[in-house]
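Enquirer: Residue numbers (the working numbering): 709 to 939. Just passing along the structure, written as structure tokens.
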């Protein structure tokens, strides 16, 4: 139904989440090779984070009167090659800033965000949150981002990607009593729908918790690119 190969041995993740007006969000993940569930790190497959990732599919569907699944829109599909391609990673809807260098990486799917992102009377969005983590001696750094998806012109479409959370916990100097100092840094951002509209869609306020209103970023609908932009 959602365009994945019928070769189910390559399918590692399939989730269904109730959403809007009896619709459901379907997530699916497949790989280039058959999944080896005996592999000691098999959870990488289940979390859609193996280097062998071939495709992530998101779909919105509902059941008809006979209980059969029917797509509500054309699914969103993103394919991944087996070789590193910086340009494609940067263009990915699941790209997140890498912790270990200045590049971007494909984040690990975390959860579906079904908060009430009502963009106008007829368009509602949901979020896909994804994350990355790097551990260090005595601490680690984790970050999270989110992409909003909405059905635009019959197609499930990514419309906005923003960082949402950052947590840094790093070991510092040793104290005389044998304990160790730590550096902790944390930030969290949220999305708020404005009362103002642009091109028929509510503006989106990107706000960092604990910061002044002047630090907010306003995203407005671009009816040519079919996405939200800050300028």
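Even for Gly, the Cβ is constructed at its ideal location relative to N, Cα and C. Model, not experiment: these values are computed from the prediction.
Return the first residue and the last residue of the beta strand (DSSP E) that residue 770 is part of.
Expert: Position 62 of the chain shown, counting from 1, holds the residue named residue 770. That run of the beta strand (DSSP E) goes 761-771.
Enquirer: Below 6 Å CB to CB, which residues in the same chain sit around residue 938 once its five sequence neighbours on both sides are set aside?
Expert: Along the chain shown, read from residue 1 onward, the residue named residue 938 stands at position 230. Same-chain partners within the cutoff: 925 and 927.
Enquirer: For residue 748, I'd like the list of residues in its chain whose CB is within less than 8 Å of its CB, leaving aside the five on either flank, ordered along the chain.
Expert: Here residue 748 corresponds to residue number 40 of the chain shown, with the count starting at 1. Confidence is the limiting factor: at residue 748 the pLDDT is only 47, short of 50, which leaves the residue's position unreliable, though a coordinate-based value still follows. So the list is empty, once near-sequence residues are dropped.
Enquirer: Grouping DSSP H, G and I as helix and E and B as strand, with all else coil, what is residue 726?
Expert: Residue numbering aside, residue 726 sits at position 18 when the chain shown is read from its first letter. Residue state, collapsed to three classes: strand.
Enquirer: Tell me which residues share the same chain as residue 881 and place their Cβ nearer than 7 Å to its Cβ, disregarding the 5 neighbours each side in the sequence.
Expert: By one-based count along the chain shown, residue 881 stands at place 173. Excluding residues within five positions, the ones whose Cβ falls inside 7 Å are 889.
Enquirer: Can you list, in chain order, the residues of its chain with a C-beta nearer than 8 Å to that of residue 789? Leave out the 5 residues immediately preceding and following it.
Expert: By one-based count along the chain shown, residue 789 stands at place 81. Excluding sequence neighbours, residue 789 sits near 796.
Enquirer: Measure from the alpha carbon of residue 833 to the alpha carbon of each residue in 908, 883, 786 and 864, then state which is nearest.
Expert: Position 125 of the chain shown, counted from the first residue, corresponds to residue 833. Out of 908, 883, 786 and 864, 864 has the C-alpha closest to the C-alpha of residue 833.
Enquirer: For residue 853, which residues of its own chain have a beta-carbon under 7 Å away from its beta-carbon, when the five flanking residues on both sides are left out?
Expert: Position 145 of the chain shown holds residue 853. Excluding residues within five positions, the ones whose Cβ falls inside 7 Å are 804, 815, 838, 869, 870, 871 and 872.
Enquirer: Quick check on DSSP: helix, strand or coil for residue 797?
Expert: Sequence index remark: in the chain shown, residue 797 carries index 89 (1-based). Helix.
Enquirer: Grouping DSSP H, G and I as helix and E and B as strand, with all else coil, what is residue 922?
Expert: As a first step, residue 922 must be located in the chain shown, where it is residue number 214. In the structure shown, residue 922 sits in a helix (DSSP, three-state: H, G or I).
Enquirer: If residue 677 sits next to residue 856, beta carbons under 8 Å apart, how far is it from one beta carbon to the other, in whole angstroms?
Expert: Because the chain here runs from 709 to 939, residue 677 falls outside it and cannot be looked at.
Enquirer: How big is the Cα-Cα spacing for residue 883 and residue 799?
Expert: Here residue 883 refers to the residue found at position 175 when the chain shown is read from its first residue. Here residue 799 refers to the residue found at position 91 when the chain shown is read from its first residue. Rounded to whole angstroms, residue 883 to residue 799 spans 45 Å at the Cα level.
Enquirer: Which residue from 913, 908 and 918 puts its Cα closest to that of residue 930?
Expert: By one-based count along the chain shown, residue 930 stands at place 222. Of the candidates 913, 908 and 918, the one whose C-alpha sits nearest the C-alpha of residue 930 is 908.
Enquirer: Can you check whether the CB of residue 936 is closer than 8 Å to the CB of residue 912?
Expert: Within the chain shown, numbered from 1, the residue matching residue 912 stands at position 204. Within the chain shown, numbered from 1, the residue matching residue 936 stands at position 228. Contact flag set, yes.
Enquirer: In this structure, how does DSSP classify residue 718 when only helix, strand and coil are distinguished?
Expert: As a working mapping, residue 718 is identified with position 10 in the chain shown. Residue 718 falls in the helix class under three-state DSSP.
Enquirer: Please report the Cβ distance between residue 768 and residue 733, rounded to the nearest whole angstrom; I am assuming they are in contact, meaning their Cβ atoms lie under 8 Å.
Expert: For the purposes of this step, residue 768 is taken as the residue at position 60 of the chain shown. For the purposes of this step, residue 733 is taken as the residue at position 25 of the chain shown. With a Cβ gap of about 6 Å, residue 768 and residue 733 count as contacting.
Enquirer: Whole angstroms are fine: how far does the CA of residue 808 sit from the CA of residue 874?
Expert: Within the chain shown, numbered from 1, the residue matching residue 874 stands at position 166. Within the chain shown, numbered from 1, the residue matching residue 808 stands at position 100. Rounded to the nearest angstrom, the two C-alpha atoms are 14 Å apart.
Enquirer: Could you check the C-alpha separation between residue 740 and residue 813 for me, to the nearest Å?
Expert: Reading the chain shown from its first residue, position 32 is the one you call residue 740. Reading the chain shown from its first residue, position 105 is the one you call residue 813. The straight-line gap from Cα to Cα measures roughly 19 Å.
Enquirer: Let me make sure I understand the geometry here. Which of 902, 861, 786 and 760 has the alpha-carbon closest to that of residue 766?
Expert: Translated into positions along the chain shown, residue 766 becomes position 58. Closest option to residue 766, Cα to Cα, is 786.
Enquirer: Return the CA-CA distance between residue 841 and residue 860, expressed in angstroms with no decimal places.
Expert: Sequence index remark: in the chain shown, residue 841 carries index 133 (1-based). Sequence index remark: in the chain shown, residue 860 carries index 152 (1-based). Going from the Cα of residue 841 to the Cα of residue 860 covers about 32 Å.
Enquirer: Give the straight-line distance between the Cα atoms of residue 933 and residue 879, rounded to the nearest whole angstrom.
Expert: To locate residue 933, count along the chain shown from 1; it is residue 225. To locate residue 879, count along the chain shown from 1; it is residue 171. If I take the Cα positions, the gap works out to 44 Å.
Enquirer: Taking the DSSP output, what are the residues bridged to residue 897?
Expert: Mapped onto the chain shown, residue 897 falls at position 189. Looking at the DSSP assignment, residue 897 forms a beta bridge with 916.
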